[in-house]
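K.L.:
Residue numbers (the numbering used here): 3 to 363.
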């Protein structure tokens with residue numbers, strides 16, 4: 003019989019050794035605790051943090067949108083730049099062609115013709131200077147002010163004369179066109195009254211008129227409600243020089259501080275015109291309706307339309323003769339007879355009558 007081979011540790015194969023090693027590793031993996039403790043709470047973000055994250059995400063999205071818009075704008079600008087460069091090259095080409103043509107004409111044109119061209123150019127320069135001088139002589143150059151789109155609304159209201167009086171109604175009714183809103187504004191503080199739309203438009207009317215006073219003329223601004231006074235204290239009865247811009251600016255600043263209040267006494271306003279010496283060449287009246295007060299007190303707490311018309315008739319008797327009265331009427335509700343009465347007065351004095359649009363000036 004063959005001798006049985008004895009088993010010794012040295013006879014184990016390499017694969018058996020590796021299997022034993024992997025088995026040991028697997029046993030250690032099973033023994034070691036590797037499960038996750040579910041009792042540990044994961045911190046939850048607060049509402050403020052969540053809101054902040056959402057806000058940041060919105061800002062990022064908006065930033066990306068703005069970036070896309072910016073890139074589109076850059077592309078458009080680049081296209082316009084290319085077009086402008088091309089146009090510039092074409093213009094330069096035309097300039098060179100024109101210079102060449104001028105040189106050719108200089109060679110072929112006689113000296114007489116050249117002299118005639120030079121004379122024409124000189125005449126055109128003189129006409130240009132004359133036009134510039136005419137623009138400087140216009141009343142617009144006293145103060146620059148135009149309406150939206152440079153619209154000239156007062157084409158029928160001619161501002162001329164050596165002595166011009168602006169007579170402005172500063173009664174409480176100048177706050178609004180409706181009676182309800184007038185009552186509301188009367189109970190507000192002065193700052194809100196000065197910003198009432200109707201009063202702001204009235205200030206713009208005065209601003210517009212003063213900007214178009216003829217150069218070299220004289221002017222005066224009177225305001226009236228229950229009483230009549232010069233806009234600047236101490237200047238009553240004095241004519242002011244249009245060319246004195248500092249004084250004119252002071253006038254408009256003083257006007258901006260006025261708060262419309264009180265009733266309307268047109269009789270005293272017209273009487274103040276008669277006291278001016280020398281008398282004005284033109285009067286521009288800015289008001290919104292017939293008077294509510296006169297030299298004689300009206301009986302009762304309210305006043306009727308007929309009573310207001312009677313007060314107007316008495317006030318007209320105070321006007322000096324030969325002075326055109328131009329009326330700018332901003333009508334209010336409840337006074338239907340005002341438009342006809344002031345129109346008839348303006349026509350009888352050879353003045354003008356105007357109801358401006360809401361967006362003037």
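A virtual CB, placed ideally from N, CA and C, is assigned to each residue, including glycine.
Rounded to whole angstroms, what is the Cα-Cα separation between residue 98 and residue 105?
P.N.:
Between residue 98 and residue 105, the C-alpha separation is close to 11 Å.
K.L.:
Flag this pair as yes or no: are the beta carbons of residue 265 and residue 228 separated by less than 7 Å?
P.N.:
Cβ atoms of residue 265 and residue 228: closer than 7 Å.
K.L.:
Rounded to the nearest angstrom, what separates residue 254 and residue 351 at their Cα positions?
P.N.:
Approximately 28 Å, taken between the alpha carbons.
K.L.:
If you run the structure through DSSP and keep just helix, strand and coil, what is residue 165?
P.N.:
Strand, per DSSP.
K.L.:
Does the distance from the CB of residue 363 to the CB of residue 206 come in under 7 Å?
P.N.:
Their beta carbons are under 7 Å apart, which means residue 363 touches residue 206 by this criterion.
K.L.:
Quick check: the Cα distance between residue 122 and residue 103, rounded to an integer number of angstroms?
P.N.:
When rounded, the distance between both Cα atoms is 19 Å.
K.L.:
For residue 287, which residues does DSSP report across the bridge?
P.N.:
DSSP output for residue 287 lists 169, 329 as bridge partner(s).
K.L.:
Could you check what DSSP says for residue 275 in three-state terms: helix, strand or coil?
P.N.:
DSSP places residue 275 in helix when its eight states are reduced to three.
K.L.:
Which stretch, first to last residue, makes up the beta strand (DSSP E) that contains residue 230?
P.N.:
Run containing residue 230: 230-232, per the beta strand (DSSP E) assignment.
K.L.:
If you check the beta carbons only, do residue 322 and residue 277 fall under 7 Å apart?
P.N.:
Not in contact: residue 322 and residue 277 (Cβ atoms no closer than 7 Å).
K.L.:
For the structure I just gave you, are there three or more beta carbon pairs, one from the region 300-320 and one from the region 173-187, closer than 8 Å?
P.N.:
Short answer: they don't touch.
K.L.:
In the DSSP assignment, the beta strand (DSSP E) including residue 222 goes from what residue to what residue?
P.N.:
Segment 220-226, the beta strand (DSSP E) holding residue 222.
K.L.:
In terms of DSSP beta bridges, what is residue 295 paired with?
P.N.:
Answer is 267.
K.L.:
Can you give the Cα-Cα distance for residue 181 and residue 173, rounded to whole angstroms?
P.N.:
Their backbone Cα atoms lie some 13 Å apart in a straight line.
K.L.:
Closer than 8 Å is the cut-off here; do at least three beta carbon pairs connect the region 243-259 with the region 289-296?
P.N.:
Taking 8 Å as the limit for Cβ pairs, the verdict is that the region 289-296 does not touch the region 243-259.
K.L.:
Rank 263, 199, 347 by C-alpha distance to the C-alpha of residue 285 and give the top, closest one.
P.N.:
Nearest of 263, 199, 347 to residue 285, Cα basis: 347.
K.L.:
Throw me the rounded Cβ distance for the residue 288 and residue 221 pair, which I believe falls under 8 Å.
P.N.:
Actually they do not touch by this definition, with Cβ atoms about 14 Å apart.
K.L.:
On a CA-only basis, which of 118, 86, 203, 219 is nearest residue 161? Give me that one, please.
P.N.:
Out of 118, 86, 203, 219, 219 has the C-alpha closest to the C-alpha of residue 161.
K.L.:
My output table needs one value for residue 149: the three-state DSSP class, helix, strand or coil.
P.N.:
Residue placement at residue 149 is flagged as unreliable, the pLDDT there being 46, under the threshold of 50; a coordinate-derived value is accordingly withheld.
K.L.:
If you reduce the DSSP assignment to three classes, tell me which class residue 313 lands in.
P.N.:
Reduced to three states, the DSSP call for residue 313 is helix.
K.L.:
Tell me the DSSP secondary structure of residue 242 in three-state form.
P.N.:
Residue 242: strand per DSSP, three-state reduction.
K.L.:
Below 7 Å CB to CB, which residues in the same chain sit around residue 242 once its five sequence neighbours on both sides are set aside?
P.N.:
Same-chain partners within the cutoff: 220, 221, 222, 249.
K.L.:
Looking at the structure shown, is residue 321 part of a helix, part of a strand, or coil, going by DSSP?
P.N.:
Note: residue 321 maps to coil in three-state DSSP.
K.L.:
With H, G and I counted as helix, E and B as strand and the rest as coil, what does DSSP make of residue 356?
P.N.:
The answer is strand: DSSP assigns residue 356 an E or B state.
K.L.:
Assuming residue 340 contacts residue 331 (C-beta within less than 8 Å), just tell me the rounded distance between them.
P.N.:
Correct: roughly 7 Å between the Cβ atoms.
K.L.:
Under 7 Å between the Cβ atoms of residue 177 and residue 262?
P.N.:
Yes, the pair counts as a contact, with Cβ atoms nearer than the cut-off.
K.L.:
Less than 7 Å between the C-beta atoms of residue 230 and residue 270, yes or no?
P.N.:
Contact: yes.
K.L.:
For residue 279 and residue 120, what's the separation of their Cα atoms in angstroms?
P.N.:
The straight-line gap from Cα to Cα measures roughly 54 Å.
K.L.:
Mapping DSSP to helix, strand and coil, what is residue 34?
P.N.:
Residue 34 falls in the coil class under three-state DSSP.
K.L.:
Measuring alpha carbon to alpha carbon, tell me which of 310, 275, 356 ends up nearest residue 324.
P.N.:
Ranking 310, 275, 356 by Cα distance to residue 324 puts 275 first.
K.L.:
For residue 56, verify whether its CB is less than 6 Å away from any heavy atom of the ligand NAP.
P.N.:
For the structure depicted, the ligand NAP is absent and the ligand set is empty, with no information on it obtainable.
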